[in-house]
Amino acid sequence: MSVIPFGTRYVLPPEWEWREQLKNKLQSTLSSWGYAALQTPALELHDPEHPQSDKAFRLIDRDGSVLSLRSEYTAAISRLLKTDLLAHDYPIRLQSAGQVWLRGLFSELGRLREFTQVDAELIGISSPAADAELLELARDALEAVGVRFRLEVADRSFVQAILQPTGLEDAALEELSEIIERKAQPELASKLGGYGVSGTLKAEILQLTDLYGGPWVLDIAQKMAHSSAAQDALERLRQTVALTGRTDFLFDLGMARRLAYYTGMTFRAYTPDFGQPLLGGGRYDTGLPGAGFAIGLERVMSALGAPPKLPTASVLAMGFAAAKHARGLGHRVVVAHSQNPLEMLEYAHKNALEWVAVGEQLLSLEHFAEHITKTGKKL
Amino acid sequence: MNLTIALPKGRVFEEALELLAKAGLPLMLPEKSRALMHTFRDETGEITVYELRNSDVPIYVDLGVADIGIVGKDVLMEAGRQVYEPLDLNFSHCRISLIRERGATSTIQRIASKFPRITQRYIAEKGITAEVIKLSGNIELAAMTGLAEAVIDIVQTGSTLKANNLEEIEVLGHSSARLIVNRASLKLKAERIRPLISSLQELVKAS
Chain V
184 MSVIPFGTRY VLPPEWEWRE QLKNKLQSTL SSWGYAALQT PALELHDPEH PQSDKAFRLI
244 DRDGSVLSLR SEYTAAISRL LKTDLLAHDY PIRLQSAGQV WLRGLFSELG RLREFTQVDA
304 ELIGISSPAA DAELLELARD ALEAVGVRFR LEVADRSFVQ AILQPTGLED AALEELSEII
364 ERKAQPELAS KLGGYGVSGT LKAEILQLTD LYGGPWVLDI AQKMAHSSAA QDALERLRQT
424 VALTGRTDFL FDLGMARRLA YYTGMTFRAY TPDFGQPLLG GGRYDTGLPG AGFAIGLERV
484 MSALGAPPKL PTASVLAMGF AAAKHARGLG HRVVVAHSQN PLEMLEYAHK NALEWVAVGE
544 QLLSLEHFAE HITKTGKKL
Chain P
749 MNLTIALPKG RVFEEALELL AKAGLPLMLP EKSRALMHTF RDETGEITVY ELRNSDVPIY
809 VDLGVADIGI VGKDVLMEAG RQVYEPLDLN FSHCRISLIR ERGATSTIQR IASKFPRITQ
869 RYIAEKGITA EVIKLSGNIE LAAMTGLAEA VIDIVQTGST LKANNLEEIE VLGHSSARLI
929 VNRASLKLKA ERIRPLISSL QELVKAS
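These protein sequences, in sequence, are chains V and P. Everything in the first sequence is counted per my numbering, starting at 184 for the first residue and increasing by one. Everything in the second sequence is counted per my numbering, starting at 749 for the first residue and increasing by one.
Here is the structure:
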């Protein structure tokens, strides 16, 4: 019998502490940009309209109503903003960090069913400056934890705009988007043929699968942007990127699906050390405009590698007064659990403790051994 | 820039390796050995080839353990993994078909297959109520022994069917070898992978 459900795991020492440090670094970066931290309940009322509704864990409440476990923060924060609990002077900058749960996931490398997200949301404003702020914030946060990454920006409305002149029905457009999302060019060509799409339009749609890479992608996309919707999407991306003052973005204008609620720019961070994005986010301007991103803490940890060796404590104190003094100096201190100094010396060796606090003195283990000999084992 | 490639063992392995070599990768058919991975080197970096069971290729690529892979569309449809599939390599052709004993007319209550997802989808599309029996090899035997009234399996030449008094009732789809690429690798290793895709595309066009 398994001890815990698959897709969950124990976080043990020293990993727990490392993970909290990383989480704190991410959160204090967000705080330093004026993003106020809050927590939403892990138990939510089940809502069939929730973007992750099919994938969330569900529970039955006492009265028979259905609850779900928090599956992402964006929707949870949007729901919070529908109440009058927060002052609504927009724009508002919020952050949250904690566990989220997805029932539907395979449990495998980098994909747990219980995982941790650090989330930032900039709500109540829609502008290139707001988009640029999130890109810069994402960059700053990932730099704070020292992980290698590249940011990629996309806008699924570009694909929609290019497909629009086909005049096809929604179901067909959805089918084509799904194929474009997989960059499955041969399949796309035969599907377009089947729908009677030909000529320049077909060629341009086929080109969507190859519209990824450096800033030059925008120039090629410009040549295909005949409609004002396509031109607007590109212009907004250009403005956003220009506002960041950075030139190292990747672009993918063939990004077609992503989470259905994104309406404008989306972005991701890829790392060379790990095959899945560390961060993902985007703009959702249905109703109250907003944009945000979530960082996958476990993925950041995978990309960084094994936790550094953090000792639980470095000082063994012979008595509470000695311990208090040593803690005052900033050490992590364990108090001797025995009066027998030889036994405690052995304990200190075994647990890689470096110092022994005797009174107000900090002795190395060698000095402590000498001290024992000199004082005839008495302290 | 290093590159890792997931390939299915067997006949496709050799064909895939040959094609990738023609496209300019410094690969050679490794000597027969028990090695599970093969490493090659050139001035651009190291190339590692994993030899896998075909249904495992999409998993390695989806999870980013391999940057690219070559695998049949049938396996890809079954795997339901989120990978890029930019190229049809136009070899290893086969059909995915519903197969029954010649002349069988009974109601289909069970369909045996090594493709349970494809089978489930077929059942849903047809609006029939059959159950799926997941098997791992010699699927046709299920239809011959009465384990199932029909099987869904790949058909290459149809000679196995003929020899066993089976017939292809319906073709569900056509499969051939596809190039698949991890979503992060395509972006981060674009300068390596994009030219590879174009040279493979040229080779496929020319063949």
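Where is the CB? At the ideal position from N, CA and C, for every residue including glycine.
Checklist entry - Near E543 of chain V, which residues of its chain fall below 7 Å by C-beta distance, leaving aside the five closest residues on each side in sequence? => result Position 360 of the first sequence holds residue 543 of chain V. The answer, listed in chain order, is H508.
Item to check | Among V:T299, V:L213, V:G247, V:I243, nearest to S254 of chain V - alpha-carbon criterion | outcome: As a working note, residue 254 of chain V is residue 71 in the first sequence. Of the candidates V:T299, V:L213, V:G247, V:I243, the one whose C-alpha sits nearest the C-alpha of S254 of chain V is V:T299.
Checklist entry - Given a limit of 7 Å on CB to CB distance, which residues of the stretch 811-822 of chain P reach chain V? => result L811, G812, V813
Checklist entry - Is L334 of chain V helix, strand or coil by DSSP? => result The residue given as residue 334 of chain V occupies position 151 in the first sequence. Reduced to three states, the DSSP call for L334 of chain V is strand.
Next on the checklist: Rounded to the nearest angstrom, what separates M892 of chain P and E849 of chain P at their Cα positions?
Outcome noted: Start at 1 with the first residue of the second sequence, and residue 892 of chain P comes out as number 144. Start at 1 with the first residue of the second sequence, and residue 849 of chain P comes out as number 101. The straight-line gap from Cα to Cα measures roughly 6 Å.
Item to check | Integer Cβ distance of L305 of chain V from A313 of chain V, believed to fall under 8 Å | outcome: Along the first sequence, read from residue 1 onward, the residue named residue 305 of chain V stands at position 122. Along the first sequence, read from residue 1 onward, the residue named residue 313 of chain V stands at position 130. Confirmed, about 5 Å.
Checklist entry - Is L268 of chain V buried or exposed, if buried means 16 or more other CB atoms sit within 10 Å of its CB? => result The sequence position of residue 268 of chain V within the first sequence is 85, counting from 1. So L268 of chain V ends up on the exposed side.
Next on the checklist: Let me confirm a value: I187 of chain V is counted as buried when at least 16 other C-beta atoms fall within 10 Å, else exposed. Which label applies?
Outcome noted: Here residue 187 of chain V refers to the residue found at position 4 when the first sequence is read from its first residue. So I187 of chain V ends up on the exposed side.
Checklist entry - According to the Cβ coordinates, are K366 of chain V and E833 of chain P closer than 9 Å? => result For the purposes of this step, residue 366 of chain V is taken as the residue at position 183 of the first sequence. For the purposes of this step, residue 833 of chain P is taken as the residue at position 85 of the second sequence. The answer is yes: Cβ separation under 9 Å.
Item to check | Nearest candidate by alpha-carbon position, reference A452 of chain V, set P:K935, P:C842, P:V823, P:L944 | outcome: Here residue 452 of chain V refers to the residue found at position 269 of the first sequence. That would be P:K935, whose Cα lies nearest to the Cα of A452 of chain V.
Item to check | Supposed contact pair K821 of chain P and S923 of chain P - C-beta distance, whole angstroms, cut 8 Å | outcome: Along the second sequence, read from residue 1 onward, the residue named residue 923 of chain P stands at position 175. Along the second sequence, read from residue 1 onward, the residue named residue 821 of chain P stands at position 73. Indeed, because the Cβ distance is near 4 Å, the residues count as touching under 8 Å.
Item to check | Counted within 10 angstroms of its Cβ, other Cβ atoms place E387 of chain V as buried (16 or more) or exposed | outcome: Start at 1 with the first residue of the first sequence, and residue 387 of chain V comes out as number 204. It is buried - the Cβ of E387 of chain V has at least 16 other Cβ atoms within 10 Å.
Checklist entry - First and last residue of the beta strand (DSSP E) that includes Y453 of chain V? => result Here the question's residue 453 of chain V lines up with position 270 in the first sequence. Where Y453 of chain V is concerned, the enclosing beta strand (DSSP E) stretches over 448-454.
Checklist entry - the stretch 457-472 of chain V: which residues have C-beta closer than 9 Å to a C-beta of chain P, in chain order? => result F457, G458, Q459, P460
Checklist entry - If the cut is a Cβ gap below 9 Å, which residues of chain V does K935 of chain P touch? => result On the second sequence, position 187 is the one that residue 935 of chain P refers to. Those are R333, E335, Y395, G396, L433, D435, R451, Y453, listed as they occur along chain V.
Checklist entry - Is it right to say F432 of chain V is buried, meaning 16 or more other beta carbons lie within 10 angstroms of its own, or is it exposed? => result Here residue 432 of chain V is taken as the residue at index 249 of the first sequence, counted from 1. So F432 of chain V ends up on the buried side.
Next on the checklist: Using a 10 Å radius around the Cβ and a threshold of 16 neighbouring Cβ atoms, would you call F143 of chain V buried or exposed?
Outcome noted: Outside the shown range of chain V (184 to 562) lies residue 143 of chain V, about which nothing can therefore be said.
Next on the checklist: Can you check whether the C-beta of P369 of chain V is within less than 9 Å of a C-beta belonging to chain P?
Outcome noted: Position 186 of the first sequence, counted from the first residue, corresponds to residue 369 of chain V. Chain P contact via Cβ: present.
Checklist entry - Does the beta carbon of Y870 of chain P come closer than 9 Å to any beta carbon on chain V? => result What you label residue 870 of chain P is simply residue 122 of the second sequence in a count that begins at 1. Not one chain V Cβ lies under 9 Å of Y870 of chain P.
Checklist entry - Which residues in chain V sit within 9 Å of P834 of chain P, going by Cβ to Cβ distance? => result For this step, residue 834 of chain P is matched to residue 86 along the second sequence. Residues of chain V passing the Cβ test: R365, K366, A367, Q368, P369, T392, D393.
Item to check | Contacts of A925 of chain P in chain V (Cβ-Cβ under 9 Å) | outcome: Here residue 925 of chain P is taken as the residue at index 177 of the second sequence, counted from 1. None at all; the shortest Cβ gap to chain V is about 12 Å.
Checklist entry - G217 of chain V: buried (16+ other C-beta within 10 angstroms of its C-beta) or exposed? => result As a position in the first sequence, residue 217 of chain V is number 34, starting the count at 1. Exposed, by the Cβ-count rule.
Item to check | Straight-line Cα distance separating G190 of chain V from R294 of chain V | outcome: Taking the first sequence and counting its residues from 1, one reaches residue 294 of chain V at position 111. Taking the first sequence and counting its residues from 1, one reaches residue 190 of chain V at position 7. Whole-angstrom Cα-Cα distance: 8 Å.
Next on the checklist: Determine, for V797 of chain P, whether the minimum Cβ-Cβ distance to residues of chain V falls below 9 Å.
Outcome noted: For the purposes of this step, residue 797 of chain P is taken as residue 49 along the second sequence, with counting starting at 1. No - not a single Cβ of chain V is within 9 Å of the one on V797 of chain P.
Checklist entry - Which bits of chain V does A827 of chain P rub up against, with CB to CB less than 9 Å? => result Translated into the one-based positions of the second sequence, residue 827 of chain P becomes position 79. Within chain V, no residue comes near A827 of chain P; the closest Cβ sits about 11 Å away, beyond 9 Å.
Next on the checklist: Less than 9 Å between the beta carbons of D338 of chain V and M448 of chain V, yes or no?
Outcome noted: Indexing the first sequence from 1 puts residue 338 of chain V at position 155. Indexing the first sequence from 1 puts residue 448 of chain V at position 265. Contact: yes.
Next on the checklist: For the stretch 866-881 of chain P against the stretch 903-911 of chain P, do three or more pairs of beta-carbon atoms, one drawn from each stretch, fall closer than 8 Å, so that the two count as touching?
Outcome noted: no
Item to check | Beta-carbon contacts of E812 of chain P that lie in its chain and below 7 Å, excluding the five residues immediately before and after | outcome: The residue labelled residue 812 of chain P in the question sits at position 64 within the second sequence. Here residue 812 of chain P is Gly; the residue named in the question, Glu, does not match the sequence. If we look at G812 of chain P and ignore the five residues flanking it on each side, its Cβ neighbours are N930, A932, S933.
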